[in-house]
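Read the structure below first, then the notes.
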Amino acid sequence: MFCSVKSIEFVTHNAGPASMPTPGSNLPRFLDAQLEFAAHIRDPSNNPCPPDIEARRMQIYVDLFYNNIQTFLANIFRIAKSVLGHDAWHEMVRAFLARHRSTSPYFQEIPQEFLAFLDKDRSWEEARPFLLELCHYEWVELALDVSVDELPTDQQMEVDLLDQVPVVSPLAWSLRYDYPVHRISADYVPPDRPDDPTYLIVYRGTDERVHFIESNAVTARLLTILGEPESVLTGRQALELIASELHDSDADSDEDAVIDGGADTLQRLRGCAIIVGSRAT
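Each residue of the sequence shown is one higher than the one before, starting from 134 at the first, in the working numbering.
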């Protein structure tokens, strides 16, 4: 033991600083190895296995990487996967892994990155022009389910929503799509884009579950007005504004009918916790 220690001290003392490895001197090769490793697991068909790693072992990483992300995406975009079919779905996931450059390091945000990929890479659009909207609709359920926002508890509950300022839930999203995404399935794909858009409200209710209801252009406009930051319009004022906008495009529109119908809509939205209460003007 004594001789071993003396030997180490001797070598260290006589080697001199010139023969000591410089910190970071292997960095370029290390970075190259990382890039080769990452390129192969992202796109093994077009990037060779790194030369210093046994192919059998490398395949374990390739499979783990692909299966983890593919399974996660398949659980979120179930309808999209069923509409695409097995081969087209896996081809799309492979393309996503190979070509997309993510901006988020969080696993939970992979679906958002997939949406960004679809929005940029439009190779799928001619065959399935509804796909991006369908995937967005499926992603909304996840986004609301994991949202850290909570239903406010400090609003007046039993009030006249026409004379107070209605408060829109932060967990309610009013959505407009060109395609009826809520009806698309493996058994039904719209042959063409409909003339009229689809309006939906997707929300997380008091039961902490995500729900959706069909909506219309007037209700969507109402929620947009009331949902503006620091909105001070009462329900009546918001509906009067909408009636004025409708009159500009259709002189035969009836303001009283808009307000009466809007009052009923506000109450229905209140019952769903899409409108969570009101505050005084």
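No residue lacks a Cβ here, since even glycine has one placed at the ideal position from N, Cα and C.
Compute the Euclidean distance between the alpha carbons of residue i and residue j, then round it to the nearest angstrom.
i	j	result
Glu-187	Phe-198	17 Å
Ala-396	Leu-372	8 Å
His-146	Pro-161	Confidence in His-146 is poor, its pLDDT being 40 and thus under 50, which makes the residue's placement unreliable; the coordinate value appears in the next sentence. Straight-line Cα distance between these residues: approximately 29 Å.
Ser-386	Ala-376	7 Å
Ser-348	His-315	12 Å
Cys-405	Gln-192	50 Å
Pro-181	Arg-190	14 Å
Ser-237	Glu-246	8 Å
Arg-261	Arg-369	42 Å
Asp-328	Leu-379	19 Å
Given a cut-off of 7 Å, decide if residue j and residue i are closer than it, judged by their beta-carbon atoms.
i	j	result
His-223	Phe-250	no
Pro-303	Asp-320	no
Val-195	Pro-184	no
Arg-309	Tyr-332	yes
Asp-340	Arg-326	no
Val-301	Leu-355	no
Ile-346	Ser-307	no
Can you tell me which of the three DSSP states residue i falls into?
i	result
Val-120	There is no way to answer for residue 120, as the model of the chain reaches only from 134 to 414.
Ser-416	With the chain covering only 134 through 414, there is no way to say anything about residue 416.
Trp-306	strand
His-344	strand
Arg-337	strand
Thr-357	helix
His-146	With a pLDDT of 40 at His-146, under the threshold of 50, the modelled position of that residue is not reliable, and no figure is offered here.
Pro-161	helix
Tyr-194	helix
Let me make sure I understand the geometry here. Which of the options has the alpha-carbon closest to that of residue i?
i	options	result
Asn-200	Cys-182, Leu-230 and Asp-340	Leu-230
Gln-400	Asp-387, Glu-242 and Thr-352	Thr-352
Glu-363	Leu-333, Ala-413, Pro-324 and Gln-203	Ala-413
Arg-175	Arg-211, Lys-214, Arg-190 and Val-226	Val-226
Gly-360	Ala-305, Val-391, Asp-329 and His-380	Ala-305
Asn-365	Gln-203, Pro-181, Asp-329 and Leu-295	A quick correction: the sequence has Val, not Asn, at residue 365. Cα-wise, what sits closest to Val-365 is Leu-295.
Val-292	Val-409, Ser-307, Asp-165 and Gly-394	Val-409
Since I believe residue j is in contact with residue i (beta carbons under 8 Å), could you give me their beta-carbon distance rounded to a whole number of angstroms?
i	j	result
Thr-367	Val-273	Contact doesn't hold; Cβ gap of about 29 Å is too wide.
Pro-313	Pro-323	6 Å
Ala-207	Leu-264	About 15 Å; that fails the 8 Å criterion.
Ser-215	Ser-318	7 Å
Asp-254	Ala-228	7 Å
Ile-209	Glu-271	6 Å
So, does the CB of residue i fall closer than 7 Å to a CB anywhere in chain C?
i	result
Phe-210	Annotation note: the requested chain C is absent from the structure, which comprises a single protein chain.
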